[in-house]
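When we follow numbering that gives the first Met the number 0, the leftmost residue of the sequence shown carries the number 0, and every step to the right adds one.
Just so you know, even glycine gets a beta-carbon here, dropped at the ideal spot from N, CA and C.
First up is the structure itself, then whatever we jot down about it.
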Amino acid sequence: MLRDAAEDRWDGHVVDFPLEEALDSRAIRWYRLHFSQTNPGFDESLTDEEFLYQWGYLAKRDGVLVPTRAAILVFGSPVAIHQMLPRPTLDAQWIPAGLHDPLPEMRWLDRVVYEENLITTWQGLVAKYYQYEPRPFRGIDPHTLMRDDTPPGYRVFREAAINLLIHQDYADHSRKAVIKFYRDGVQFWNPGDVFGAEEHLLEPGEKEVRNPRIAAAFRRLALCEQAGTGLRMMQALWHDLGYQTPSYRNDRAHKAFEFLLPLVMTAEQTEPKTPSSGPGRDQDGTRMGLGRDQDRTGLSGDQVMILQACVTPKSTSELMSLMHRTNRTKFREANITPLLATGLLEMTLPTAPSSKHQRYRTTEAGKAIIPGAGNDTVYAVEPAPATQ
């Protein structure tokens with residue numbers, strides 16, 4: 000409470016750390032490239048230090064430039080981040096269960112814990128999101144002549160994820176932000192409750208911000224709403240996609256904020272108008288896998304989920320636990336055998352098919368079926384379009 004009431008925001012304080020060791024030149028280069036594209040007309044001849052000083056991320060102390068906490072969080076080197084923040088910036092988990100299901104034996108299908116600056120964290124999260132998210136081809140962009148296959152739910156996911164990064168309480172040194180992709184929803188959990196009056200949360204217009212310099216850095220790239228929280232926009236766009244309206248819970252007692260994107264259709268909508276955020280859809284109609292790409296590949300949701308899981312080799316028992324199946328013979332006949340026969344899956348011990356050490360691994364042909372496979376490099380250096 001005292002932190003939030005302080006006149007000087009936490010992210011504006013200077014850090015006693017050598018400037019020559021404090022910054023990640025790659026993050027700054029990426030940021031300035033997209034800054035110039037979004038904000039044409041600014042002086043591009045400035046050095047990185049001049050640029051950061053101009054925008055308030057560096058300060059002068061006794062005539063010497065020193066980094067602020069915002070500079071290190073947004074653009075910091077690994078050593079500077081770890082010296083200042085003793086916990087990760089984000090934990091992203093893909094969980095093979097519903098929100099209210101018992102915790103499965105395999106706690107997550109995939110998990111990435113980010114301990115880098117916020118630019119690198121955002122790049123990594125977008126790469127993972129595109130890896131799992133169905134990306135229907137909608138044509139060629141007439142300006143860039145590139146494929147237009149941005150996931151329809153991307154803008155809502157981007158707003159929610161950026162809010163998680165810019166509004167969390169980084170002075171909380173024990174709890175980290177978490178995004179959990181369930182079969183039936185995407186849950187965003189943040190250390191730090193709503194900054195300011197909760198009753199004005201859904202109202203348009205300017206709001207008090209916990210980390211104004213961090214928020215401004217992402218807003219200057221048009222990666223999030225320029226004012227307010229974006230909650231009304233997210234609720235409206237998500238509902239337009241055919242899903243139930245997102246909800247939030249502001250926990251003042253435990254200083255936490257939770258936002259939920261439900262992957263459940265509204266009563267009048269039995270199928271999504273377009274594929275949306277999170278993994279795809281399995282045979283039971285819950286989301287986890289390839290979604291509409293099943294129509295293109297002819298694979299079942301379970302088969303696609305197996306291909307995704309077996310990027311890291313898995314045993315039959317591990318796969319059955321992941322899929323909540325109990326009949327081993329039926330499971331093999333319906334899933335493992337067809338995938339082996341088509342060359343999408345392979346044995347790690349092909350000369351000993353019955354070995355208790357047998358694992359199954361997705362082949363290169365199988366990886367080509369998975370949405371976004373092979374695109375990590377692209378999305379690790381460029382954000383998805385910020386104007387959608």
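Proximity test, Cβ basis, 8 Å: Phe74 and chain D: Among the chains in the structure shown there is no chain D, since it carries only a single protein chain.
Presumed contact (8 Å Cβ cut-off) between Val208 and Ala214, rounded CB distance: In the sequence shown, the residue the question calls residue 208 occupies position 209. In the sequence shown, the residue the question calls residue 214 occupies position 215. Between Ala214 and Val208 the Cβ distance is about 5 Å, and since that is below 8 Å, they are a contact.
Spatial distance of Met319 from Asn38 (CA atoms): Residue mapping note: residue 319 aligns to position 320 of the sequence shown, counting from 1. Residue mapping note: residue 38 aligns to position 39 of the sequence shown, counting from 1. Rounded to the nearest angstrom, the two C-alpha atoms are 51 Å apart.
Beta-carbon proximity list for Ala308, same chain, < 7 Å, skipping 5 on both sides: Along the sequence shown, read from residue 1 onward, the residue named residue 308 stands at position 309. So the list reads Leu108, Leu318 and Leu321, once near-sequence residues are dropped.
Nearest residue (CA-CA) to Asp192, options Glu114, Arg248 and Arg327: The residue given as residue 192 occupies position 193 in the sequence shown. If we check each option's Cα against that of Asp192, Arg248 comes out closest.
Arg8 and Pro190 closer than 8 Å at C-beta: Taking the first residue of the sequence shown as 1, we reach residue 8 at position 9. Taking the first residue of the sequence shown as 1, we reach residue 190 at position 191. No, the Cβ-Cβ distance between Arg8 and Pro190 is not below 8 Å.
Ile165 versus Val155 - alpha carbon distance: As a working mapping, residue 165 is identified with position 166 in the sequence shown. As a working mapping, residue 155 is identified with position 156 in the sequence shown. Distance between the alpha carbons of Ile165 and Val155: 16 Å.
Residues bridged to Tyr128 [DSSP beta-bridge criterion]: Taking the sequence shown and counting its residues from 1, one reaches residue 128 at position 129. None; Tyr128 has no bridge partner.
Extent of the continuous beta strand (DSSP E) run through Ser246: Locating residue 246 in the sequence shown gives position 247, where the first residue counts as 1. Segment Ser246 to Asp250, the beta strand (DSSP E) holding Ser246.
Segment contact, 8 Å Cβ cut-off, at least three pairs: the region 50–58 with the region 233–245: no
Touch test, the region 99–113 against the region 62–77, Cβ-Cβ under 8 Å, three pairs minimum: no
Beta-carbon spacing of Gly75, Asp10 below 8 Å: Taking the sequence shown and counting its residues from 1, the one referred to as residue 75 is at position 76. Taking the sequence shown and counting its residues from 1, the one referred to as residue 10 is at position 11. Going by C-beta atoms, Gly75 is not nearer than 8 Å to Asp10.
Three CB pairs or more closer than 8 Å across the region 42–54 and the region 82–92: no
Inter-stretch contact at 8 Å, needing at least 3 Cβ pairs: the region 88–104 / the region 329–340: no
Three-state secondary structure (DSSP) of Gly184: Translated into the one-based positions of the sequence shown, residue 184 becomes position 185. Here Gly184 sits in strand by DSSP.
Cross-strand partners of Ala255 (DSSP beta bridge): Looking up residue 255 in the sequence shown gives position 256. Note: Ala255 sits in a beta bridge opposite Pro190 and Asp250.
Euclidean distance between Cα positions of Leu262 and Arg157: Residue numbering aside, residue 262 sits at position 263 when the sequence shown is read from its first letter. Residue numbering aside, residue 157 sits at position 158 when the sequence shown is read from its first letter. When rounded, the distance between both Cα atoms is 16 Å.
Within 8 Å, strictly: CB atoms of Asp47 and Ile27: Locating residue 47 in the sequence shown gives position 48, counting from the first residue. Locating residue 27 in the sequence shown gives position 28, counting from the first residue. In contact: Asp47 and Ile27 (Cβ atoms closer than 8 Å).
Under the three-state DSSP convention, the category Gly11 falls into: Against the sequence shown, residue 11 aligns to sequence position 12. Of the three classes helix, strand and coil, the one that applies to Gly11 here is helix, per DSSP.
Sub-8 Å separation of Pro312 and Arg251 beta-carbons: Residue 312 sits at position 313 when you count from the first residue of the sequence shown. Residue 251 sits at position 252 when you count from the first residue of the sequence shown. Not closer than 8 Å, so no.
Nearest neighbour of Arg60, chosen from Ala176, Leu18 and Phe50 [CA to CA]: Reading the sequence shown from its first residue, position 61 is the one you call residue 60. Comparing Cα positions, the closest option is Leu18.
Per-residue DSSP class, three states only, for Ile368: Along the sequence shown, one-based indexing puts residue 368 at 369. The answer is coil: DSSP assigns Ile368 none of H, G, I, E or B.
Buried versus exposed call for Gly342 [16 or more other C-beta atoms within 10 Å across all chains shown]: By 1-based counting over the sequence shown, the position of residue 342 is 343. Exposed.
For Asp239, the first and last residue of its enclosing alpha helix (DSSP H): Taking the sequence shown and counting its residues from 1, the one referred to as residue 239 is at position 240. Element bounds for Asp239: Leu230 to Asp239.
Nearest residue (CA-CA) to Ala159, options Glu132, Leu338, Ile178 and Pro150: By 1-based counting over the sequence shown, the position of residue 159 is 160. Among Glu132, Leu338, Ile178 and Pro150, the Cα nearest to that of Ala159 is on Ile178.
Distance between beta carbons of Leu259 and Gly184, contact taken as under 8 Å: As a working mapping, residue 184 is identified with position 185 in the sequence shown. As a working mapping, residue 259 is identified with position 260 in the sequence shown. Gly184 to Leu259, Cβ: 6 Å. Contact.
Distance CB(Tyr181)-CB(Ala255) smaller than 8 Å: Mapped onto the sequence shown, residue 181 falls at position 182. Mapped onto the sequence shown, residue 255 falls at position 256. It is not a contact, given that the beta carbons lie outside the stated cut-off.
Residues near Ile161 in its chain [Cβ-Cβ closer than 8 Å; skip 5 each side]: Here residue 161 is taken as the residue at index 162 of the sequence shown, counted from 1. Once the five neighbours on either side are set aside, the close Cβ partners of Ile161 are Trp121, Phe217, Leu222 and Cys223.
Per-residue burial, Val303 [other beta carbons within 10 Å of its own, 16 or more giving buried]: For the purposes of this step, residue 303 is taken as residue 304 along the sequence shown, with counting starting at 1. Classification of Val303: buried, given that the 10 Å Cβ count is 16 or more.
Phe34 to Leu220 span [Cα, whole Å]: In the sequence shown, residue 34 corresponds to position 35, counting from 1. In the sequence shown, residue 220 corresponds to position 221, counting from 1. Between the C-alpha atoms of Phe34 and Leu220 there is a straight-line separation of about 6 Å.
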